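All residue numbers for the sequence shown refer to numbering that gives the first Met the number 0, where the first residue is 0 and numbers rise by one.
Quick reminder that beta carbons are idealized off the backbone N, C-alpha and C, glycines included.
Just so we're clear, the structure is a prediction, and the values are computed from it rather than from any experiment.
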Amino acid sequence: MDYLKTISMKGKLKNAILLILITLQIPLHAKEGMWIPYLISQLNQDEMVAMGLEITAEDIYSVNQSSIKDAIVHFNGGCTAEIISNKGLLLTNHHCGYSQIQKHSSVENNYLKNGFWAMSGREELKNPGLTASIIKYMEDVTNEVLQDVNDQMSIAEREATVSATIKKILEGRKNSEGYELKINPFFYGNQYILIAEEVFRDVRLVGAPPSSIGKFGADTDNWMWPRHTGDFSVFRIYSGADNKPADVADENIPYNPNYHLKINISGVQENDFSMIYGFPGSTQEYLPSAEIKNTIEVYDPARIAVREKLLRILDRKMRQNDATRIQYASKYASISNSWKKWIGEIKGVKETDGVERRQQLENQFEAALNKDAVLREKYGEVLGELNKLYEERKPLMLERYYYIEIGYLGIEVLRHMLGYRSMVQYYQEDKDNELQQRASEIANGMDNFYKDFDVELDRQAMQVLLPIYLKEVSTEEVPELVKKLKEMEDKDLREYIDELYEDLVVLEDPLEFREMLQNKPSKVARKIEKSDAYQLSSAMYDHFIRVLNPRVSAINDKIDYYQGQYITAMRQVFPMKRFYPDANSTLRVAYGKVEPYEPRDAVYYETQTYLDGVMAKYIPGDYEFDLPVKLIELYKDKDFGPYGEDDKMPVCFIASNHTTGGNSGSPALNGKGELVGLNFDRVWEGTMSDINYDISRCRNIMVDIRYVLFIMDKFAGAKYLVDEMDLVYNPVVNKDEEMKKVLTN
Ligand code: ARG
Ligand code: GLU
Numbered sequence: 000m001d002y003l004k005t006i007s008m009k010g011k012l013k014n015a016i017l018l019i020l021i022t023l024q025i026p027l028h029a030k031e032g033m034w035i036p037y038l039i040s041q042l043n044q045d046e047m048v049a050m051g052l053e054i055t056a057e058d059i060y061s062v063n064q065s066s067i068k069d070a071i072v073h074f075n076g077g078c079t080a081e082i083i084s085n086k087g088l089l090l091t092n093h094h095c096g097y098s099q100i101q102k103h104s105s106v107e108n109n110y111l112k113n114g115f116w117a118m119s120g121r122e123e124l125k126n127p128g129l130t131a132s133i134i135k136y137m138e139d140v141t142n143e144v145l146q147d148v149n150d151q152m153s154i155a156e157r158e159a160t161v162s163a164t165i166k167k168i169l170e171g172r173k174n175s176e177g178y179e180l181k182i183n184p185f186f187y188g189n190q191y192i193l194i195a196e197e198v199f200r201d202v203r204l205v206g207a208p209p210s211s212i213g214k215f216g217a218d219t220d221n222w223m224w225p226r227h228t229g230d231f232s233v234f235r236i237y238s239g240a241d242n243k244p245a246d247v248a249d250e251n252i253p254y255n256p257n258y259h260l261k262i263n264i265s266g267v268q269e270n271d272f273s274m275i276y277g278f279p280g281s282t283q284e285y286l287p288s289a290e291i292k293n294t295i296e297v298y299d300p301a302r303i304a305v306r307e308k309l310l311r312i313l314d315r316k317m318r319q320n321d322a323t324r325i326q327y328a329s330k331y332a333s334i335s336n337s338w339k340k341w342i343g344e345i346k347g348v349k350e351t352d353g354v355e356r357r358q359q360l361e362n363q364f365e366a367a368l369n370k371d372a373v374l375r376e377k378y379g380e381v382l383g384e385l386n387k388l389y390e391e392r393k394p395l396m397l398e399r400y401y402y403i404e405i406g407y408l409g410i411e412v413l414r415h416m417l418g419y420r421s422m423v424q425y426y427q428e429d430k431d432n433e434l435q436q437r438a439s440e441i442a443n444g445m446d447n448f449y450k451d452f453d454v455e456l457d458r459q460a461m462q463v464l465l466p467i468y469l470k471e472v473s474t475e476e477v478p479e480l481v482k483k484l485k486e487m488e489d490k491d492l493r494e495y496i497d498e499l500y501e502d503l504v505v506l507e508d509p510l511e512f513r514e515m516l517q518n519k520p521s522k523v524a525r526k527i528e529k530s531d532a533y534q535l536s537s538a539m540y541d542h543f544i545r546v547l548n549p550r551v552s553a554i555n556d557k558i559d560y561y562q563g564q565y566i567t568a569m570r571q572v573f574p575m576k577r578f579y580p581d582a583n584s585t586l587r588v589a590y591g592k593v594e595p596y597e598p599r600d601a602v603y604y605e606t607q608t609y610l611d612g613v614m615a616k617y618i619p620g621d622y623e624f625d626l627p628v629k630l631i632e633l634y635k636d637k638d639f640g641p642y643g644e645d646d647k648m649p650v651c652f653i654a655s656n657h658t659t660g661g662n663s664g665s666p667a668l669n670g671k672g673e674l675v676g677l678n679f680d681r682v683w684e685g686t687m688s689d690i691n692y693d694i695s696r697c698r699n700i701m702v703d704i705r706y707v708l709f710i711m712d713k714f715a716g717a718k719y720l721v722d723e724m725d726l727v728y729n730p731v732v733n734k735d736e737e738m739k740k741v742l743t744n
């Protein structure tokens with residue numbers, strides 16, 4: 000500033016500064032939203048351009064020519080990945096490839112711990128069952144889907160009609176290209192979109208950094224900023240000789256995509272345009288305030304409490320035992336991930352007065368309806384109905400959560416027993432062939448079960464969690480067995496649980512059990528059917544599937560109807576507001592800026608982290624914060640190759656893109672549509688964005704693409720992969736030179 004004061008302000012400089020100030024002050028806070036790519040040209044393009052987008056909506060999504068969309072991949076239906084070479088090279092998160100990396104790992108060949116790099120195509124590892132889907136086109140079919148619906152129908156009739164019509168449309172559309180077709184509801188059934196995708200079935204593991212990089216900071220740092228994780232892994236799509244999806248086979252060849260992303264290694268600056276293109280899973284942004292309140296006061300706390308107990312049991316043994324740590328790594332990570340998010344969600348909603356602000360919106364909504372007789376007549380009941388329905392659903396929802404958390408996710412043996420239900424049924428019905436076939440299927444899958452199962456841990460989990468379930472499940476038609484257990488003395492229940500594990504044939508001798516499955520399936524069915532584990536698992540499941548689920552889904556149909564009405568009404572009441580559909584695992588674009596945030600008094604978070612920050616967190620030997628020797632050496636030597644920024648190595652950055660689970664692995668693109676990072680998380684203060692987005696503090700976290708390339712090339716020695724990619728730079732602008740020119744003119 001002093002420097003500026005000493006020189007006389009010449010006209011040009013004044014103008015330049017003025018221009019900078021004006022551009023900085025344009026209020027562009029419209030960063031909330033996950034937009035349908037083919038509607039961007041109508042809804043978002045102007046704003047995106049004003050914020051710094053330099054390409055067109057057509058470059059982002061087109062069905063007539065190749066576009067960025069052709070490089071965006073739905074990775075196994077849960078994460079996002081992107082194609083970064085003309086040989087189908089795929090980039091996604093380490094935590095998205097985690098279970099594949101784990102499956103190929105053993106104590107001797109521990110890829111989770113040491114990383115894995117295929118040094119040629121032949122070394123790439125196959126993953127039967129893993130899919131990579133690419134969207135071919137999306138088409139609005141709302142009119143077709145709703146053609147047989149009328150206002151006289153009940154909600155249930157409407158539901159049935161819509162489902163039947165969707166089925167008919169899909170059957171009529173069978174296509175010769177072999178695309179998979181589906182029709183998804185948007186805005187709770189106000190809109191329907193047909194989606195055609197090409198689903199690749201041979202997706203191979205190419206590389207992954209060691210967990211000490213890919214999962215650095217693990218659960219302690221999860222959902223947190225500043226972050227220092229190299230959360231990436233590399234796969235490759237293989238196709239048949241015709242470049243079409245094929246079953247896993249040696250003769251498959253690397254897929255040649257319609258488009259692959261260019262990679263920009265100049266990095267990003269604060270205030271740069273930022274865009275995330277991917278498959279966000281699920282959000283609920285239009286809940287009434289009362290249901291937000293239920294979420295943070297009832298559902299979240301219940302689920303947090305159960306998981307806390309389970310995590311404590313697992314953590315104890317994982318810390319003591321290497322084999323257990325590998326076995327339970329993936330399970331632990333996924334259980335702790337939502338557990339921590341819910342804690343953040345409660346905090347975030349409270350700190351931003353989410354419930355109160357939603358209440359204010361409802362007040363405005365009601366006030367507007369009161370001023371307009373026509374609107375009131377049509378929508379006057381909507382909010383009241385919604386609140387009633389959510390309230391009615393509450394106890395059922397809660398019980399449902401207890402079943403899922405305890406009977407399905409928490410106690411593995413109960414979930415495992417569900418796999419025998421059809422077998423037992425075939426046995427009861429004397430269907431020998433089916434029985435034999437199902438028994439073989441189970442026998443073939445048993446390795447997967449045994450590999451990652453620890454009886455002692457599961458028994459402990461049941462001892463702690465089952466009593467909670469028994470206490471909480473209370474709707475009238477509680478099954479007999481559950482009723483009996485509910486009335487048992489604690490000591491007897493403990494004995495019952497111990498015996499349940501002791502008597503279970505599945506847990507006796509794995510080899511013998513598998514042989515028995517193949518040779519004497521009736522005997523197995525008989526034993527299983529009589530076992531306590533099977534009986535309990537069935538009782539709990541039946542209650543869930545026959546009592547809770549039908550009731551909840553009947554209420555959900557009504558909720559969907561009124562939520563849809565609510566959004567339609569809001570569109571009329573707030574015509575200036577733009578509405579985006581909740582995430583539903585379909586392809587979306589979110590955009591924002593690389594920007595800092597100030598979550599509380601005196602705290603200011605910058606946008607970029609560096610390797611210095613990684614080193615500052617280093618704790619030798621720690622299971623979350625240890626580092627590989629090689630990385631430390633590269634750091635000491637400042638051996639960053641072309642990927643460093645002066646003498647620093649960038650690691651992660653944040654931006655104001657609206658993202659959620661499923662956006663993991665999504666490409667972070669700059670204004671030119673070039674890859675600059677890989678999305679993998681959100682900041683702690685903003686984890687409530689699924690129900691209550693708040694621009695002041697919601698930020699997504701990305702690993703800087705330069706860190707990804709540095710790890711591949713300098714750390715892992717897999718430069719040949721980088722050679723496959725198209726790297727680009729920003730033209731170098733020497734800022735001092737520019738300034739000098741302005742000043743001397
Ligand atoms: N929180 C991120 C997401 O929701 C990363 C999860 C993986 N990391 C972990 N430590 N569990 O998926
Ligand atoms: N980590 C999340 C995932 O697995 C994405 C980040 C988020 O939920 O914001 O999809």
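Query, Result
"The region 345-353 touching the region 225-232, judged by at least three CB pairs closer than 8 angstroms", "no"
"beta-carbon R458 near the ligand GLU non-hydrogen atom, thresh 7 angstroms", "no"
"Separation of Q146 from P828, as counted between CA atoms", "There is simply no residue 828 to check, as the chain begins at 0 and stops at 744 in what is shown."
"Cβ shell of G660 (< 6 angstroms), same chain only, five flanking positions each side left out", "G280"
"Alpha-carbon spacing of E623 relative to L52, whole angstroms", "38 angstroms"
"Alpha-carbon spacing of P598 relative to E81, whole angstroms", "32 angstroms"
"Buried versus exposed call for V373 [16 or more other C-beta atoms within 10 Å across all chains shown]", "exposed"
"Endpoints, alpha helix (DSSP H) assigned at M515", "509-518"
"Pick from G87, D531, Y97 that is closest to S663, judged by C-alpha positions", "Y97"
"E196, buried or exposed, once every other Cβ within 10 Å from all chains shown has been counted against 16", "buried"
"Boundaries of the beta strand (DSSP E) in which H73 is found, first to last residue", "71-74"
"D429 - containing beta strand (DSSP E), residue span", "Run containing D429: none; DSSP gives neither H nor E here."
"Near the ligand ARG: W341 beta-carbon under 7 angstroms from a heavy atom", "no"
"Nearest-angstrom Cα separation, counted from H73 out to S536", "33 angstroms"
"Backbone CA spacing between L408 and M461 [nearest angstrom]", "11 angstroms"
"Contact test: W222 Cβ vs the ligand FMN heavy atom, cutoff 7 angstroms", "With respect to small molecules bound, the structure shown includes the ligand ARG and the ligand GLU and not the ligand FMN."
"Where S132 falls, given that 16 or more other Cβ within 10 Å makes a residue buried", "buried"
"Test item: CB-CB of T585 and N183 under 8 angstroms", "yes"
"Closest by C-alpha distance to R525, when choosing among Y426, P225, S335", "Y426"
"Given Y579 as reference, the closest of E284, E723, D502 once Cα atoms are compared", "E284"
"Whole alpha helix (DSSP H) elements within the region 128-209, 4-residue minimum", "141-144, 154-171"
"Check: G660 C-beta below 7 angstroms from any heavy atom of the ligand ARG", "yes"
"C-alpha gap between K635 and K629, whole angstroms", "10 angstroms"
"Other residues of its chain near P208: CB distance less than 6 angstroms, five sequence neighbours each side excluded", "G114, G229, I710"
"Distance, R577 Cα to T567 Cα", "12 angstroms"
"Spatial distance of D645 from F364 (CA atoms)", "53 angstroms"
"For K671, the three-state DSSP class (helix, strand or coil)", "coil"
"Selection from G591, Y617, K112, I100 that minimises the alpha carbon distance to V48", "G591"
"Between the CA atoms of N518 and A532 - distance to the nearest angstrom", "23 angstroms"
"C-alpha distance - L260 paired with V702, whole-angstrom precision", "16 angstroms"
"Meets three-Cβ-pair contact criterion under 8 angstroms: the region 374-387 and the region 683-694", "no"
"Candidates E507, L480, D502, Q459, of which the one nearest M445 by Cα", "E507"
"Residue from L385, V412, E514, R392 with nearest C-alpha to Q435", "E514"
"6 angstroms Cβ shell around Y331 - same chain, five flanking residues per side excluded", "L313"
"Same chain, Cβ closer than 7 angstroms to D725, five either side skipped, listed in chain order", "K261, I262"
"Span separating the alpha-carbon of E46 from that of N149", "37 angstroms"
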